[in-house]
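Peer 1: For the protein sequence lines, the chains are A and B, in the order given.
First residue of the first sequence? That's 1 in the numbering used here, and the numbers climb one at a time after it.
First residue of the second sequence? That's 1 in the numbering used here, and the numbers climb one at a time after it.
I have a structure I would like to understand better, so I am pasting it below and will then ask my questions one at a time.
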Amino acid sequence: MKPLNLIALLCFLGGATWALTRSDRSVRSIQNAYYSAISPFLKSGSAIEEKARNFSNEVTHSRSLEAALEVTKAELDKLKLIEQRFDTLEAENARLRSALKFTKNTNFTLIAANITRRQTTNWYKTVEINRGEESFIGIQNPVVTAEGLVGKIDLIAQDFATVILLTDKSCQVSAKVEGSADLGIISGRPAEYGKDPMLILSYLPKNTNLKKGQRVFSDGRGGITPANILIGTIESVESGAMYSEALVHPAVNFNDLATVFVIPREN
Amino acid sequence: MLRYSITLFCLILLTVILQQFVPAFIALYNARVFLLLAVFLCIAVTVPLPVMFLYALICGFLWDTQCAISTSNLDASVYVDSIQNIRFGSSILLFGLAGALMNGFQPIFRQGKWYLSALLTGISTFLYCLAEYSLLDFLRGSFTINRGVMLQISYTSLFSLLVAPLVFALLFFIARISHYQIVVTQKRSFRRFT
Chain A
1 MKPLNLIALL CFLGGATWAL TRSDRSVRSI QNAYYSAISP FLKSGSAIEE
51 KARNFSNEVT HSRSLEAALE VTKAELDKLK LIEQRFDTLE AENARLRSAL
101 KFTKNTNFTL IAANITRRQT TNWYKTVEIN RGEESFIGIQ NPVVTAEGLV
151 GKIDLIAQDF ATVILLTDKS CQVSAKVEGS ADLGIISGRP AEYGKDPMLI
201 LSYLPKNTNL KKGQRVFSDG RGGITPANIL IGTIESVESG AMYSEALVHP
251 AVNFNDLATV FVIPREN
Chain B
1 MLRYSITLFC LILLTVILQQ FVPAFIALYN ARVFLLLAVF LCIAVTVPLP
51 VMFLYALICG FLWDTQCAIS TSNLDASVYV DSIQNIRFGS SILLFGLAGA
101 LMNGFQPIFR QGKWYLSALL TGISTFLYCL AEYSLLDFLR GSFTINRGVM
151 LQISYTSLFS LLVAPLVFAL LFFIARISHY QIVVTQKRSF RRFT
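Rendered as structure tokens:
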């Protein structure tokens, strides 16, 4: 080997070793610096992409949008009537709560976000949302939809964040099963070819008597994910030598995510 | 050479940004155009070994910066077992290996047979993705290469194969404007026709 090539190889290995020995904290600061640097490009690129998509949608769907608008107007009128009734009921509910000194057990502030990119890496199950530090969200904040738990914030920049989905093994949540005292840890399972992604509820007691169809909720252990957020329903239960495991069908359709809600830390 | 290398460095930075806007094809098993790897592999065959190592270091570092996810500071009451992910910096070694494979076939490329190098780009992409997936799967305590994963890797390799001729055309153009010779037969064929 030529001396120059050998020196280059040694420098390369030195550089690789330096990168491999970085702590998680240093990696985070490198990532923050990197995303701050490319943020202007991403912002302008996303804006162009959105304009192009809107233009394309406008051209192709103008007629169907007109029809949809008519239906929406009718729905809006109906909803206005329902809202009036709802306001009366809410006021009545508040009055009764205060009379009974009843404390609300869930009170979330939710920050709505749109999915801007899906599957941002080769193998990790991640999506990118259009909310970041500017919207007062932070790392490890849970992300939900009306159907249930979606995942957690993994990486955050000024105006966007990466969400690691519940279907990835890296995203774990403490969970409980309705109608049972059993607690376990939910994590993702590698998706099988042509099948929906599934979750695994592990560390269940060996002699658990969970049944198919029972719903799984977050139990709030650890304080990151609030309790009582729906995760999915049990498909099957398998007993192991020390623990049992349950296969859980997620409540959220991860292939059809468009708008999600982040629960900020102050909750 | 210096002008060519600097232009390639700018091309890599541009590719890193472009890669952000290349979506994964959900219908094709989450396969994607792995533009950064394709561009790097094509570059690797046109530059000397030390320069290739430099670019492998840059590309691997930038790719890991884009992709790394956190595995520490997690709640111990929830994360009973430690979660293993691909370590930051691993891609540098993988880029280096894939680049070394491409660089090893440089004599064939220098004869003007760029199409063989384009084919090798597809093969190297396949090996890179397979190694990356196997590493992650092994670290997470399983070894489950199923048909979906193989199809994802195969489609990603196919996209690299299709992109490679365009990248080579760009590299030939950059080489020409930088007055850097990447193919020895260029001069000969030029002489033959004039």
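Just so you know, even glycine gets a beta-carbon here, dropped at the ideal spot from N, CA and C.
The structure displayed is predicted, hence computed values, not measured ones.
(1) Let me make sure I understand the geometry here. Which of Gly60/B, Met1/B, Cys10/B and Ile123/B has the alpha-carbon closest to that of Gly15/A?
(2) Rounded to whole angstroms, what's the CA-CA distance from Phe55/A to Asn253/A? Just pull it up for me.
(3) Please state if the CB of Ile30/A and the CB of Thr65/B are separated by a distance shorter than 8 Å.
(4) For a test of the three-state rule: what should DSSP assign to Asn114/A, helix, strand or coil?
(5) Taking the CB atoms as reference points, tell me whether Leu14/B and Val22/B lie closer together than 8 Å.
(6) For Ser91/B, report the span of its alpha helix (DSSP H) as first-last.
(7) Say whether chain B places a C-beta atom closer than 8 Å to the C-beta of Asp182/A.
(8) Rounded to a whole number of angstroms, what is the C-alpha to C-alpha distance between His179/B and Asp196/A?
(9) Please classify Pro250/A as buried or exposed, where buried requires at least 16 other C-beta atoms within 10 Å of its C-beta.
(10) Can you tell which of Tyr128/B, Leu139/B and Thr144/B has the C-alpha that lies nearest to the C-alpha of Ile153/B?
(11) I'd like the list of long-range same chain contacts for Leu168/B, defined as Cβ closer than 8 Å, with 5 residues on each side in sequence excluded.
(12) Taking C-beta pairs closer than 8 Å, name the residues in chain D that Phe53/B reaches, listed in chain order.
(13) Mind checking the segment 126-145 of chain B against chain A and listing, in chain order, the residues whose C-beta falls within less than 8 Å of any C-beta there?
(14) At least one CB of chain B closer than 8 Å to the CB of Lys169/A: is that the case?
(15) Can you name the start and end residues of the beta strand (DSSP E) that Glu265/B belongs to?
(16) Pick out whichever of Ala175/B, Ser157/B, Leu151/B and Pro165/B has its Cα sitting closest to the Cα of Ala27/B.
(17) Alpha carbon to alpha carbon, how far is Leu139/B from Leu199/A?
(18) Taking CB distances under 8 Å as the criterion, tell me whether Arg87/B reaches chain A.
(19) On a CA-only basis, which of Ser134/B, Phe88/B and Leu37/B is nearest Ile123/B? Give me that one, please.
(20) Starting from the N-terminal side, write out each stretch of the alpha helix (DSSP H) that is 4 residues or longer and does not extend beyond the segment 45-70 of chain B.
(21) Name, please, each residue of chain A whose Cβ falls closer than 7 Å to the Cβ of Phe197/B.
(22) Counting only the same chain and skipping the five closest in sequence on each side, list residues whose C-beta sits under 7 Å from that of Asp219/A.
(23) If you run the structure through DSSP and keep just helix, strand and coil, what is Leu36/B?
(24) Give me the Cα-Cα distance between Ala8/A and Tyr79/B, rounded to the nearest whole angstrom.
(25) Nearest to Gly89/B by CA position, among Asp159/A, Thr72/A, Asp24/A and Ser170/A, is which residue?
(26) So who's on the other strand from Arg215/A, going by DSSP bridges?
(27) Distance cutoff 8 Å, beta carbons only. Does Phe41/A sit that close to anything in chain B?
(28) Return the bridge partner residues of Ser244/A from the DSSP annotation.
(29) Relative to the alpha-carbon of Ile186/A, which residue among Ala52/A, Cys11/A and Glu245/A has its alpha-carbon at the smallest distance?
(30) How big is the Cα-Cα spacing for Phe190/B and Phe40/B?
(31) Assign Gly104/B to buried or exposed, taking buried as 16 or more other Cβ atoms, counted over all protein chains shown, within 10 Å of its Cβ.
(32) According to DSSP, is Pro165/B part of a helix, a strand, or is it coil?
(33) If I measure Cβ to Cβ from Arg221/A and keep anything under 7 Å in the same chain, skipping five residues before and after, which residues do I get?
Peer 2: Here's the rundown:
(1) Counting from 1 along the first sequence, the entry for residue 15/A is found at position 15. If we check each option's Cα against that of Gly15/A, Gly60/B comes out closest.
(2) Numbered from its first residue, the first sequence carries residue 55/A at position 55. Numbered from its first residue, the first sequence carries residue 253/A at position 253. Whole-angstrom Cα-Cα distance: 28 Å.
(3) Counting from 1 along the second sequence, the entry for residue 65/B is found at position 65. Counting from 1 along the first sequence, the entry for residue 30/A is found at position 30. A contact, by the Cβ cut-off of 8 Å.
(4) Translated into the one-based positions of the first sequence, residue 114/A becomes position 114. Three-state DSSP puts Asn114/A in a strand.
(5) Stepping through the second sequence from its first residue, residue 14/B is reached at position 14. Stepping through the second sequence from its first residue, residue 22/B is reached at position 22. Not in contact: Leu14/B and Val22/B (Cβ atoms no closer than 8 Å).
(6) As a working mapping, residue 91/B is identified with position 91 in the second sequence. From DSSP, the alpha helix (DSSP H) with Ser91/B extends over Ser90 to Gly104.
(7) The residue you call residue 182/A lines up with position 182 of the first sequence. Not an interface residue.
(8) Within the second sequence, the letter at position 179 stands for residue 179/B. Within the first sequence, the letter at position 196 stands for residue 196/A. For His179/B and Asp196/A, the distance between alpha carbons rounds to 54 Å.
(9) Reading the first sequence from its first residue, position 250 is the one you call residue 250/A. With 16 or more Cβ atoms within 10 Å of its Cβ, Pro250/A is classed as buried.
(10) Here residue 153/B refers to the residue found at position 153 of the second sequence. Closest option to Ile153/B, Cα to Cα, is Tyr128/B.
(11) Residue 168/B sits at position 168 when you count from the first residue of the second sequence. Position check: residue 168/B holds Phe in this sequence, whereas Leu was assumed. Result list for Phe168/B: Cys42, Trp114, Ser117 and Ala118, in chain order.
(12) Among the chains of the structure shown, chain D does not appear; the protein chains present are A and B.
(13) Cys129, Glu132, Tyr133, Leu136, Asp137, Arg140, Ser142 and Thr144
(14) For the purposes of this step, residue 169/A is identified with residue 169 of the first sequence, where counting begins at 1. Taking Cβ atoms only, chain B reaches closer than 8 Å to Lys169/A, which makes this a yes.
(15) Outside the displayed span of chain B (1 to 194) sits residue 265/B, for which this structure offers no information.
(16) Position 27 of the second sequence holds residue 27/B. Ranking the options by Cα distance to Ala27/B, first place goes to Leu151/B.
(17) Here residue 139/B is taken as the residue at index 139 of the second sequence, counted from 1. Here residue 199/A is taken as the residue at index 199 of the first sequence, counted from 1. Between Leu139/B and Leu199/A, the C-alpha separation is close to 19 Å.
(18) As a first step, residue 87/B must be located in the second sequence, where it is residue number 87. Yes - at least one Cβ of chain A is within 8 Å of the one on Arg87/B.
(19) Residue mapping note: residue 123/B aligns to position 123 of the second sequence, counting from 1. That would be Leu37/B, whose Cα lies nearest to the Cα of Ile123/B.
(20) 49-67
(21) For chain B, the structure presents residues 1 to 194; residue 197/B sits outside this window and is missing.
(22) Taking the first sequence and counting its residues from 1, one reaches residue 219/A at position 219. The residues are Ser174, Ala175, Lys176, Leu183 and Ala227.
(23) Within the second sequence, the letter at position 36 stands for residue 36/B. Looking at Leu36/B - three-state DSSP - the assignment turns out to be helix.
(24) Mapped onto the first sequence, residue 8/A falls at position 8. Mapped onto the second sequence, residue 79/B falls at position 79. Distance between the alpha carbons of Ala8/A and Tyr79/B is about 41 Å.
(25) Start at 1 with the first residue of the second sequence, and residue 89/B comes out as number 89. When only C-alpha atoms are compared, the closest one is Asp24/A.
(26) The residue labelled residue 215/A in the question sits at position 215 within the first sequence. Thr233/A, per the DSSP bridge assignment.
(27) In the first sequence, residue 41/A corresponds to position 41, counting from 1. True, the Cβ-Cβ gap to chain B drops below 8 Å.
(28) One-based indexing of the first sequence puts residue 244/A at position 244. Ser244/A is bridged to Leu204/A and Ser239/A.
(29) The residue labelled residue 186/A in the question sits at position 186 within the first sequence. It is Glu245/A.
(30) Against the second sequence, residue 190/B aligns to sequence position 190. Against the second sequence, residue 40/B aligns to sequence position 40. Residue confidence for Phe190/B is low, a pLDDT of 41 falling below 50, so the modelled location carries little weight and cannot support an answer.
(31) Taking the second sequence and counting its residues from 1, the one referred to as residue 104/B is at position 104. Exposed, by the Cβ-count rule.
(32) Within the second sequence, the letter at position 165 stands for residue 165/B. If DSSP states are grouped into helix, strand and coil, Pro165/B belongs with the helices.
(33) The sequence position of residue 221/A within the first sequence is 221, counting from 1. Result list for Arg221/A: Ser174, in chain order.
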